[in-house]
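Accompanying notes for the structure given below.
Protein chains: 2
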Amino acid sequence: MTDDPPDTTPGRRPGGRTARVRAQVLDAVRAELTESGHEGLTVEGVATRAGVHRATVYRRWRDVGGLLADVIDAAGEMDWQPPDTGSLRGDLTALNHEIQESLVVQPSFAVALMAASYHSAQAARAQTQLWADRYAQCEILVARAAERGELPAAAQHTDARGLLIAATAPLYHQLVLLRADPDPHLPERAARAAVLAAAAGAFSLPRQERENTATS
Amino acid sequence: MTDDPPDTTPGRRPGGRTARVRAQVLDAVRAELTESGHEGLTVEGVATRAGVHRATVYRRWRDVGGLLADVIDAAGEMDWQPPDTGSLRGDLTALNHEIQESLVVQPSFAVALMAASYHSAQAARAQTQLWADRYAQCEILVARAAERGELPAAAQHTDARGLLIAATAPLYHQLVLLRADPDPHLPERAARAAVLAAAAGAFSLPRQERENTATS
Numbered sequence: 064m065t066d067d068p069p070d071t072t073p074g075r076r077p078g079g080r081t082a083r084v085r086a087q088v089l090d091a092v093r094a095e096l097t098e099s100g101h102e103g104l105t106v107e108g109v110a111t112r113a114g115v116h117r118a119t120v121y122r123r124w125r126d127v128g129g130l131l132a133d134v135i136d137a138a139g140e141m142d143w144q145p146p147d148t149g150s151l152r153g154d155l156t157a158l159n160h161e162i163q164e165s166l167v168v169q170p171s172f173a174v175a176l177m178a179a180s181y182h183s184a185q186a187a188r189a190q191t192q193l194w195a196d197r198y199a200q201c202e203i204l205v206a207r208a209a210e211r212g213e214l215p216a217a218a219q220h221t222d223a224r225g226l227l228i229a230a231t232a233p234l235y236h237q238l239v240l241l242r243a244d245p246d247p248h249l250p251e252r253a254a255r256a257a258v259l260a261a262a263a264g265a266f267s268l269p270r271q272e273r274e275n276t277a278t279s
Numbered sequence: 064m065t066d067d068p069p070d071t072t073p074g075r076r077p078g079g080r081t082a083r084v085r086a087q088v089l090d091a092v093r094a095e096l097t098e099s100g101h102e103g104l105t106v107e108g109v110a111t112r113a114g115v116h117r118a119t120v121y122r123r124w125r126d127v128g129g130l131l132a133d134v135i136d137a138a139g140e141m142d143w144q145p146p147d148t149g150s151l152r153g154d155l156t157a158l159n160h161e162i163q164e165s166l167v168v169q170p171s172f173a174v175a176l177m178a179a180s181y182h183s184a185q186a187a188r189a190q191t192q193l194w195a196d197r198y199a200q201c202e203i204l205v206a207r208a209a210e211r212g213e214l215p216a217a218a219q220h221t222d223a224r225g226l227l228i229a230a231t232a233p234l235y236h237q238l239v240l241l242r243a244d245p246d247p248h249l250p251e252r253a254a255r256a257a258v259l260a261a262a263a264g265a266f267s268l269p270r271q272e273r274e275n276t277a278t279s
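Chains as they are written, first to last, in this note's numbering: chain A, 64 to 279; chain B, 64 to 279.
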């Protein structure tokens, strides 16, 4: 890397040409992905669309897996904030609406990425990391609900991740796996079901697992 | 089709040579899928492994999408019965254990099929139909729970599909989308959360939706 010209050295001058080239290339990856899926994705096609020299793309991203992983990493760098509506049910409903929108928009970049991650181990790892980060960010919803007294007495020891997955998994299941038509009521219903289960103690952790909780 | 020799005519003599050829070919598809995923799947490879003439495979299944769709259809023809343990929580837990096993076995045929269905519209349709059939079969679990009085008064008007998806979606979410390590407690926990939500009325249908329920 030290022999590279400075303007293409990864990590250098983040606001300069390096960042601009990355933005152009990742925009091109997103456009190619949503237009024709990851199967049509090639380093050459991305370089041409981005107006960047092929050698630059190969040097920095190596292959399609590297491009996919970086586009997923870039999604994780976005300044995303979980909703804050004042109630757990409201927060989870808002979150589910966001998820539903990202999955039903045509063409869906989110769905294209999920499909792509089946075919690149590097992209799959990046995707797994992004999911983990997003769920970790959302644990604040459960902590706030506990502070507001919306959860049962055991709430400060709630399995926040389990609750978040219960609330959101039906959306992905219906839209990504079952390929069902979007149900406009599902975001609210899935959120409500998770909150009712939580209120009934479904996600209260047994004493020995408390140290693993991130909600305190 | 009418010009085909009788021994390769689809639908003819189901217990005879046609059925034998289909079994050989579908076994070969399953073996190729689990060994190298759908990306390595070719009509030629399947024909060679099955010991069947390529022309036969092309005539009957046309292409890789046709092979995938038929292997999914064949899964739907299996004499599968939903669990019957005597309680809704027990039934859903048993169902989740079955799902978890099918997803964590290495290599997983179920996961390979899901990945493949992103790349063949015909396979995707077959997969969607299989899911729909399986969930329809499982609605009996909810009907039995209602008969046993395990659900609230509104239970005979429960959204059985919604309840089943709430119970099972976290398994798929964790294992297929998040690619997490299997959690031996998740089958029971996800089942329990869905049952608690159901008991709290999370899946009770408003009066006007009762005619859509399949649980009565």
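For every residue, glycine included, the Cβ atom is placed at its ideal position computed from N, Cα and C.
What residues in its chain sit with their C-beta under 7 Å from that of A:GLY108, if we drop five residues either side in the sequence?
Taking the first residue of the first sequence as 1, we reach residue 108 of chain A at position 45. Here the set comprises GLU95.
I'd like the ranges of any alpha helix (DSSP H) spanning at least 4 consecutive residues and lying wholly in the segment 184-271 of chain B.
Counting whole runs of 4 or more residues, the segment 184-271 of chain B contains the alpha helix (DSSP H) stretches 184-210, 223-235, 249-262.
Mapping the DSSP letters down to three states, classify A:THR97 as helix, strand or coil.
Locating residue 97 of chain A in the first sequence gives position 34, counting from the first residue. It is helical.
Do B:TYR198 and B:ILE228 come within 9 Å of each other at the CB atom, strictly closer than that value?
Along the second sequence, one-based indexing puts residue 228 of chain B at 165. Along the second sequence, one-based indexing puts residue 198 of chain B at 135. Against a cut-off of 9 Å, the Cβ pair of B:TYR198 and B:ILE228 comes out as a contact.
Take B:VAL174 as the anchor and find which of B:ALA257, B:ASP246, B:HIS101 has the nearest alpha-carbon.
For the purposes of this step, residue 174 of chain B is identified with residue 111 of the second sequence, where counting begins at 1. Cα-wise, what sits closest to B:VAL174 is B:HIS101.
In or out: B:TRP143 buried (at least 16 other Cβ within 10 Å) or exposed?
The count along the second sequence starts at 1 and reaches residue 143 of chain B at position 80. It counts as exposed.
Using a 10 Å radius around the Cβ and a threshold of 16 neighbouring Cβ atoms, would you call B:GLN169 buried or exposed?
Translated into positions along the second sequence, residue 169 of chain B becomes position 106. Looking at its Cβ environment, which holds fewer than 16 other Cβ atoms inside 10 Å, B:GLN169 is exposed.
State the DSSP-derived secondary structure class of A:LEU130, mapped to helix, strand or coil.
Along the first sequence, read from residue 1 onward, the residue named residue 130 of chain A stands at position 67. It is helical.
Hey, which unbroken runs of the alpha helix (DSSP H) at 4 residues or more fall wholly within the segment 118-166 of chain A?
Counting whole runs of 4 or more residues, the segment 118-166 of chain A contains the alpha helix (DSSP H) stretches 127-140.
By DSSP, does B:GLN87 sit in helix, in strand, or in coil?
Here residue 87 of chain B refers to the residue found at position 24 when the second sequence is read from its first residue. DSSP places B:GLN87 in helix when its eight states are reduced to three.
Kindly indicate if chain B contains any beta-carbon less than 9 Å away from that of A:GLU102.
Taking the first residue of the first sequence as 1, we reach residue 102 of chain A at position 39. Yes - at least one Cβ of chain B is within 9 Å of the one on A:GLU102.
Count the other CB atoms, across all protein chains shown, that sit within 10 Å of the CB of A:ASP154; report buried if there are 16 or more and exposed otherwise.
In the first sequence, the residue the question calls residue 154 of chain A occupies position 91. The residue in question, A:ASP154, is buried, as its Cβ has 16 or more Cβ neighbours within 10 Å.
Ignore the nearest five residues each way along the sequence and tell me which others in B:ILE162's own chain have a CB closer than 8 Å to its CB.
Mapped onto the second sequence, residue 162 of chain B falls at position 99. If we look at B:ILE162 and ignore the five residues flanking it on each side, its Cβ neighbours are THR231, LEU234, TYR235, PRO250.
Return the residues of the segment 166-177 of chain B that lie within a Cβ-Cβ distance of less than 9 Å from chain A, sorted by chain order.
Taking 9 Å as the Cβ-Cβ cut-off against chain A, the residues of the segment 166-177 of chain B that qualify are VAL174, MET177.
Out of curiosity, what's the CA-to-CA distance linking B:ALA110 and B:SER171?
Looking up residue 110 of chain B in the second sequence gives position 47. Looking up residue 171 of chain B in the second sequence gives position 108. C-alpha separation (whole angstroms): 22 Å.
Beta carbon of A:LEU158, beta carbon of A:LEU193: below 9 Å?
By one-based count along the first sequence, residue 158 of chain A stands at place 95. By one-based count along the first sequence, residue 193 of chain A stands at place 130. Not closer than 9 Å, so no.
Out of B:SER99, B:GLY114, B:ALA186, B:ALA257, point me to the one whose CA is closest to B:VAL134's CA.
The residue given as residue 134 of chain B occupies position 71 in the second sequence. Cα-wise, what sits closest to B:VAL134 is B:ALA186.
Check whether the Cβ atoms of A:ALA243 and A:LEU151 sit closer than 9 Å, and answer yes or no.
For this step, residue 243 of chain A is matched to residue 180 along the first sequence. For this step, residue 151 of chain A is matched to residue 88 along the first sequence. No, the Cβ-Cβ distance between A:ALA243 and A:LEU151 is not below 9 Å.
Suppose the cutoff is 8 Å on Cβ atoms and the five residues either side in sequence are ignored; what does the same chain contact list for B:PRO145 look like?
For the purposes of this step, residue 145 of chain B is taken as residue 82 along the second sequence, with counting starting at 1. Result list for B:PRO145: ASP154, LEU158, GLN200, CYS201, ILE203, LEU204, in chain order.
Determine the extent of the alpha helix (DSSP H) in which B:GLU107 is found, giving its start and end residues.
Here residue 107 of chain B refers to the residue found at position 44 of the second sequence. Where B:GLU107 is concerned, the enclosing alpha helix (DSSP H) stretches over 106-113.
Suppose you measure from the CA of A:HIS160 to the CA of A:THR148; what does that come to, to the nearest Å?
Translated into the one-based positions of the first sequence, residue 160 of chain A becomes position 97. Translated into the one-based positions of the first sequence, residue 148 of chain A becomes position 85. Roughly 13 Å separates the two Cα atoms.
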